[in-house]
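Working notes, structure below.
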Amino acid sequence: AEGFGLLTTLRLESVKGLNDESLGVIAGKLPNSLTNLSLRDNVHLQDAGLIEIAKSCTRLTALDVRRCERITDKSMLLVVHKCMTLDHLRISFCPNITDASLCQLAYRARRIYT
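Just so we're on the same page, this note's numbering is the position in the sequence shown counted from 1, plus 2.
Printed below as a string of C-alpha coordinates:
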(Lines of atoms letter the chains of each structure in order from A and count residues from 1; the text may use other names and numbers.)
(Lines give C-alpha, C1' and ligand atoms only; values in the text may rest on other atoms or scores of the structure.)
Protein backbone atom coordinates (compact mmCIF):
# COMPACT_ATOMS: atom_id res chain seq x y z
CA ALA A 1 0.00 0.00 0.00
CA GLU A 2 1.07 3.51 -0.68
CA GLY A 3 3.24 5.00 2.04
CA PHE A 4 3.68 1.89 4.17
CA GLY A 5 6.14 -0.10 2.05
CA LEU A 6 6.83 -3.54 3.43
CA LEU A 7 5.59 -2.83 6.96
CA THR A 8 5.35 -6.05 8.98
CA THR A 9 4.64 -4.77 12.51
CA LEU A 10 2.33 -2.01 13.69
CA ARG A 11 1.54 -0.99 17.25
CA LEU A 12 -1.49 1.21 17.74
CA GLU A 13 -1.71 0.86 21.52
CA SER A 14 -3.68 3.25 23.73
CA VAL A 15 -4.23 5.66 20.85
CA LYS A 16 -6.52 8.42 22.07
CA GLY A 17 -9.42 8.71 19.67
CA LEU A 18 -8.74 5.54 17.67
CA ASN A 19 -12.16 4.31 16.60
CA ASP A 20 -13.72 2.12 13.93
CA GLU A 21 -13.74 4.85 11.31
CA SER A 22 -10.08 5.78 11.73
CA LEU A 23 -9.00 2.14 11.92
CA GLY A 24 -10.98 1.42 8.75
CA VAL A 25 -9.06 4.17 6.93
CA ILE A 26 -5.76 2.80 8.25
CA ALA A 27 -6.72 -0.77 7.29
CA GLY A 28 -7.34 0.30 3.72
CA LYS A 29 -3.80 1.64 3.45
CA LEU A 30 -1.92 -1.23 5.10
CA PRO A 31 0.19 -3.53 2.96
CA ASN A 32 -0.53 -7.25 2.82
CA SER A 33 2.94 -7.75 4.34
CA LEU A 34 1.63 -6.84 7.82
CA THR A 35 2.04 -9.84 10.12
CA ASN A 36 1.98 -8.34 13.64
CA LEU A 37 -0.64 -5.89 14.89
CA SER A 38 -1.28 -4.61 18.38
CA LEU A 39 -4.47 -2.66 19.07
CA ARG A 40 -4.47 -3.17 22.82
CA ASP A 41 -6.02 -0.67 25.21
CA ASN A 42 -8.17 1.11 22.62
CA VAL A 43 -11.42 1.56 24.50
CA HIS A 44 -13.39 3.08 21.60
CA LEU A 45 -12.59 0.33 19.12
CA GLN A 46 -15.53 -1.88 18.14
CA ASP A 47 -16.20 -4.62 15.62
CA ALA A 48 -16.33 -2.54 12.42
CA GLY A 49 -12.67 -1.51 12.65
CA LEU A 50 -11.43 -5.00 13.40
CA ILE A 51 -13.54 -6.38 10.54
CA GLU A 52 -11.73 -4.05 8.13
CA ILE A 53 -8.39 -5.24 9.54
CA ALA A 54 -9.41 -8.88 9.02
CA LYS A 55 -10.36 -8.17 5.41
CA SER A 56 -7.18 -6.22 4.62
CA CYS A 57 -4.52 -7.99 6.66
CA THR A 58 -5.02 -11.65 5.91
CA ARG A 59 -1.37 -12.52 6.60
CA LEU A 60 -1.49 -11.62 10.29
CA THR A 61 0.37 -14.07 12.49
CA ALA A 62 -0.03 -12.09 15.73
CA LEU A 63 -2.90 -9.91 16.94
CA ASP A 64 -3.23 -8.20 20.30
CA VAL A 65 -6.64 -6.76 21.22
CA ARG A 66 -6.27 -6.90 25.00
CA ARG A 67 -8.55 -4.46 26.80
CA CYS A 68 -10.53 -3.62 23.65
CA GLU A 69 -13.68 -4.21 25.64
CA ARG A 70 -16.17 -3.45 22.86
CA ILE A 71 -14.92 -6.08 20.44
CA THR A 72 -17.28 -9.05 20.14
CA ASP A 73 -17.51 -12.47 18.53
CA LYS A 74 -18.74 -10.83 15.32
CA SER A 75 -15.31 -9.46 14.45
CA MET A 76 -13.30 -12.16 16.16
CA LEU A 77 -14.97 -14.93 14.14
CA LEU A 78 -14.10 -13.09 10.94
CA VAL A 79 -10.49 -12.73 12.09
CA VAL A 80 -10.38 -16.49 12.71
CA HIS A 81 -11.66 -17.24 9.20
CA LYS A 82 -9.75 -14.58 7.23
CA CYS A 83 -6.38 -14.65 8.99
CA MET A 84 -5.44 -18.28 8.47
CA THR A 85 -1.79 -17.79 9.51
CA LEU A 86 -2.73 -16.32 12.90
CA ASP A 87 -0.91 -18.21 15.64
CA HIS A 88 -0.68 -15.63 18.46
CA LEU A 89 -3.84 -13.97 19.73
CA ARG A 90 -4.09 -11.90 22.89
CA ILE A 91 -7.69 -11.29 23.93
CA SER A 92 -7.61 -10.92 27.70
CA PHE A 93 -10.00 -8.39 29.24
CA CYS A 94 -12.36 -8.62 26.25
CA PRO A 95 -15.60 -9.59 28.00
CA ASN A 96 -17.66 -9.72 24.79
CA ILE A 97 -15.54 -12.43 23.21
CA THR A 98 -17.24 -15.66 24.18
CA ASP A 99 -16.66 -19.36 23.93
CA ALA A 100 -18.06 -19.27 20.37
CA SER A 101 -14.92 -17.53 19.12
CA LEU A 102 -12.62 -19.55 21.31
CA CYS A 103 -14.10 -22.82 20.05
CA GLN A 104 -13.57 -21.74 16.44
CA LEU A 105 -9.97 -20.84 17.26
CA ALA A 106 -9.41 -24.18 18.95
CA TYR A 107 -10.99 -26.06 16.03
CA ARG A 108 -8.82 -24.25 13.50
CA ALA A 109 -5.69 -24.79 15.56
CA ARG A 110 -6.46 -28.50 15.89
CA ARG A 111 -7.06 -28.74 12.16
CA ILE A 112 -3.75 -27.00 11.36
CA TYR A 113 -1.50 -28.72 13.87
CA THR A 114 -2.77 -32.32 13.83
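Glycine included, each C-beta is placed from N, C-alpha and C at the ideal position.
Cys85 counts as buried, since no fewer than 16 other beta carbons sit within 10 angstroms of its beta carbon.
Beta-bridge partners of His90 (DSSP): Ala64.
Bounds of the alpha helix (DSSP H) holding Ser58 are 49-58. A direct Cα-to-Cα measurement between His46 and Ala64 gives close to 21 Å. A check of alpha carbon separations from Pro97 across Glu71, Leu41, Met78, Lys76 identifies Glu71 as the nearest. DSSP, reduced to helix, strand and coil, places Leu39 within a strand of the structure shown.
The beta carbons of Lys76 and Asp49 sit closer together than 8 Å. Assignment of beta-bridge partners to Leu25 by DSSP yields no partner. With fewer than 16 other beta carbons inside 10 angstroms of its own, Leu8 counts as exposed. DSSP places Arg110 within a helical segment (H, G or I) once states are collapsed to three.
Thr87 places its beta carbon 8 Å or farther from that of Leu52.
Within its own chain, the residues whose Cβ lies closer than 8 Å to the Cβ of Leu14, once the five positions on either side in sequence are excluded, are Leu20, Leu25, Ile28, Leu39, Ser40, Leu41, Asn44, listed in chain order.
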